[in-house]
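Read the structure below first, then the notes.
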Amino acid sequence: KVWKASVGGVLLVNDANQLQDRERTRDEQGVEVSEYIAKQLDIVAKKSSGEDPGSVWPQSVCVILTTPCDGQLPDAIKNFAGHVIEFADYSIEELADIFVKLVEKRKFTLTSTIKAEHLQMHVRNASNRSLAGERNVGMLSALVDEAIARQTERVWSTETVSLSGLTTLAEQDF
409 KVWKASVGGV
419 LLVNDANQLQ
429 DRERTRDEQG
439 VEVSEYIAKQ
449 LDIVAKKSSG
459 EDPGSVWPQS
469 VCVILTTPCD
479 GQLPDAIKNF
489 AGHVIEFADY
499 SIEELADIFV
509 KLVEKRKFTL
519 TSTIKAEHLQ
529 MHVRNASNRS
539 LAGERNVGML
549 SALVDEAIAR
559 QTERVWSTET
569 VSLSGLTTLA
579 EQDF
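Under the numbering used here, the first residue of the sequence shown carries the number 409, and numbering increases by one thereafter.
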């Protein structure tokens with residue numbers, strides 16, 4: 409059903425490594441999906457190579473499979489010869505800039521006493537604590553959530569009532 413809906417467009421399978429649960433002996437649905445995608449990719453490959461007399465153009469669908477760096481594609485798809493594109497992790501400086509944008513998006517501000525170096529240190533520490541070792545926006549969102557939770561406790565205990573006091577993150581919130 410999803411394949412047919414994506415014909416003429418793009419099929420994006422995010423976290424394709426989760427299609428097959430390697431902890432379970434047989435993950436029926438994930439394996440079935442993986443085998444179907446592999447079959448469809450094989451049909452397109454045969455048309456492209458001339459093995460199949462069917463027309464290769466227009467392409468029926470562009471398939472994009474994403475996995476984390478340590479993720480493995482399902483067995484059925486793993487052996488398909490596609491193009492692998494690896495993206496580098498964000499640098500700590502880039503993550504700190506993204507962090508500031510996330511804080512602003514949540515309608516908070518950072519105190520002027522928080523310097524770029526301190527913010528980068530907090531982001532680096534969060535990256536080191538991250539279980540997957542990922543440097544991504546999800547990790548930063550969690551860091552913002554944690555800082556806001558600590559900030560809420562801090563302003564509650566000091567009975568702060570000013571708008572700026574309620575919406576400003578300080579060093580001790582990290």
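Ideal Cβ placement from N, Cα and C applies to all residues, glycine included. A quick note: this is a predicted structure, and the numbers were derived from the prediction, not measured.
- prompt: Helix, strand or coil: which one does DSSP assign to L364?
  reply: Here the chain covers residues 409 to 582 and nothing more, so residue 364 does not appear.
field: Best match in D581, S442, Q428, E459 for proximity to H526 [C-alpha to C-alpha]
entry: Residue numbering aside, residue 526 sits at position 118 when the sequence shown is read from its first letter. Across the set D581, S442, Q428, E459, the C-alpha of D581 shows the shortest separation from the C-alpha of H526.
task: For my contact list, E501 and Q528 are in at a C-beta cut-off of 8 Å; report their separation, rounded to the angstrom.
output: Residue mapping note: residue 501 aligns to position 93 of the sequence shown, counting from 1. Residue mapping note: residue 528 aligns to position 120 of the sequence shown, counting from 1. Contact between E501 and Q528 holds: CB atoms are separated by about 6 Å, below the 8 Å threshold.
query: Going by alpha carbons, who is nearest to S535 out of V511, E561, K513, S499?
result: Taking the sequence shown and counting its residues from 1, one reaches residue 535 at position 127. For the residues V511, E561, K513, S499, the minimum Cα distance to S535 belongs to S499.
As assigned by DSSP and simplified to three states, the class of G458: As a working mapping, residue 458 is identified with position 50 in the sequence shown. Coil at G458, not helix or strand.
- prompt: Roughly how many angstroms separate the alpha carbons of Q437 and I556, rounded to a whole number?
  reply: Residue mapping note: residue 437 aligns to position 29 of the sequence shown, counting from 1. Residue mapping note: residue 556 aligns to position 148 of the sequence shown, counting from 1. So the alpha carbons of these two residues sit roughly 40 Å apart.
- request: Could you tell me how far apart the beta carbons of I472 and L420 are, in whole angstroms, since I believe they sit closer than 8 Å?
  value: Translated into positions along the sequence shown, residue 472 becomes position 64. Translated into positions along the sequence shown, residue 420 becomes position 12. In this structure, I472 and L420 form a Cβ contact; the two beta carbons are roughly 5 Å apart against a cut-off of 8 Å.
message: Suppose you measure from the CA of F507 to the CA of I522; what does that come to, to the nearest Å?
response: Residue 507 sits at position 99 when you count from the first residue of the sequence shown. Residue 522 sits at position 114 when you count from the first residue of the sequence shown. So the two alpha carbons sit approximately 13 Å from each other.
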